[in-house]
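Residue numbers (our numbering): 1 to 171. Report on the structure given below.
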Amino acid sequence: MVNFPSLFYRNDGDRDAPACRYARESDAIGRLFLRPFFLSLTIGVPFCIYKMIFGISILRAGAAGWLIIIWAVADLLMNSAYSVQDLLHLPARFECCTLAQTGRFFSRPMVFLALDTLLSFSIVCLMLWSGWIASLSPFELVLWYAATTLNLVSLSVVSLYNEIRKVRPGY
């Protein structure tokens, strides 16, 4: 959306007119959805949980899952620190996950972040199709369900918000 100042001063400049309040509130919601804190909470942390549980499942299968667990913990720490920097209004000194940080060295953090997303969703598919999801402990299942719920519901809310914005052009 293009945020021209004139869009916020409808009804002869009355900032308290309903159209103006809607535009300001809507813009604030849109900014929230783009905040690193929101993105880390609703995408980064759930992806870390998927990785962690996948690593534990690999360990149970007798393979070396420690590497994936270390990856998950590193990403969780990076997402947490990334969120804190955002909440304190500090500039980000590093990316939100290890792959994006690696991408920063190649001036392509978003490409590597997209790769992290692909790998995280591949982990979800592997857990489901391998049947390992059925072998999770009750605590692991609660974590898995919470991560999935947070990730999918937030995606749906953001999509709904974007579609409503399309219906109300000019806001």
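Built from N, CA and C at the ideal position, the CB exists for glycine as well. Nothing here was measured: the structure is a model prediction, and the numbers come from that model.
Measuring alpha carbon to alpha carbon, tell me which residue in the options is nearest residue i.
| i | options | result |
| --- | --- | --- |
| residue 92 | 31, 83 and 98 | 83 |
| residue 154 | 31, 28, 39 and 27 | 39 |
| residue 125 | 50, 45 and 33 | 50 |
| residue 149 | 79, 94 and 41 | 41 |
| residue 214 | 118, 132 and 106 | Nothing can be reported for residue 214: it is not among the residues displayed for the chain, which extend from 1 to 171. |
| residue 95 | 68, 80 and 67 | 80 |
| residue 65 | 123, 147, 160 and 168 | 123 |
Are the CB atoms of residue i and residue j nearer to each other than 7 angstroms?
| i | j | result |
| --- | --- | --- |
| residue 72 | residue 55 | yes |
| residue 140 | residue 53 | yes |
| residue 86 | residue 35 | yes |
| residue 46 | residue 162 | no |
| residue 77 | residue 48 | no |
| residue 33 | residue 158 | yes |
If I measure Cβ to Cβ from residue i and keep anything under 6 angstroms in the same chain, skipping five residues before and after, which residues do I get?
| i | result |
| --- | --- |
| residue 100 | 109, 112 and 113 |
| residue 116 | 97 and 99 |
Starting from the C-beta of residue i, find all residues in its chain whose C-beta is less than 7 angstroms away, skip the five residues before and the five after it, and write them out in chain order.
| i | result |
| --- | --- |
| residue 166 | none |
Enumerate in chain order the residues of its own chain whose CB-to-CB distance from residue i is below 8 angstroms, with the five nearest sequence positions on each side excluded.
| i | result |
| --- | --- |
| residue 156 | none |
For the ligand GDP, is there any heavy atom lying closer than 6 angstroms to the beta carbon of residue i?
| i | result |
| --- | --- |
| residue 73 | The model depicted lacks the ligand GDP and carries no ligand whatsoever. |
Complete runs of the alpha helix (DSSP H) confined to the segment 78 to 120 [at least 4 residues]:
98 to 105
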